[in-house]
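Structure first, commentary second.
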Amino acid sequence: MEMKKWKDTAGHKLGCPYIGITLVGTAEEMARHHSGYCPGCNVRVKWEEKKQEPENAVGQS
Ligand SMILES: [Zn+2]
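Following this line, the structure appears as structure tokens:
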């Protein structure tokens, strides 16, 4: 199972503590445990896979 980073893209209401959170998990976990409605403001949650940039392009001297 591949672990991925997920970015929340739902249109949360102002002051909702879940705005812009990032979770790590498999696609199946996300669908099973993190679907439905936001417990903070009751909008339908929406996850978008966060592409990871390769981080090994730093300072070779
Ligand atoms: Zn919310």
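So the mapping is simple: the numbering used here equals the position in the sequence shown, first residue as 1, plus 129. Think of the CB as a built atom: it goes at the ideal place given N, C-alpha and C, for glycine as much as any other residue.
Considering only heavy atoms of ligand 1 and the C-beta of each residue, which residues fall inside 6 angstroms, strictly closer? H141, C145, Y147, C167, G169, C170 and V172
Identify every residue that forms a DSSP beta bridge with Y166. Along the sequence shown, one-based indexing puts residue 166 at 37. Partner(s): R173.
Terminal residues of the continuous beta strand (DSSP E) containing T151? The residue given as residue 151 occupies position 22 in the sequence shown. Here the beta strand (DSSP E) through T151 covers T151 to G154.
Out of curiosity, what's the CA-to-CA distance linking K142 and I150? Your numbering for residue 142 matches position 13 in the sequence shown. Your numbering for residue 150 matches position 21 in the sequence shown. The alpha-carbon atoms of K142 and I150 are separated by roughly 14 angstroms.
Suppose contacts are defined by Cβ-Cβ distances below 8 angstroms. Is E177 in contact with K133 by that definition? The count along the sequence shown starts at 1 and reaches residue 177 at position 48. The count along the sequence shown starts at 1 and reaches residue 133 at position 4. Against a cut-off of 8 angstroms, the Cβ pair of K133 and E177 comes out as no contact.
Straight-line CA distance for G140 to V172? Walking along the sequence shown from the start, residue 140 turns up at place 11. Walking along the sequence shown from the start, residue 172 turns up at place 43. Approximately 7 angstroms, taken between the alpha carbons.
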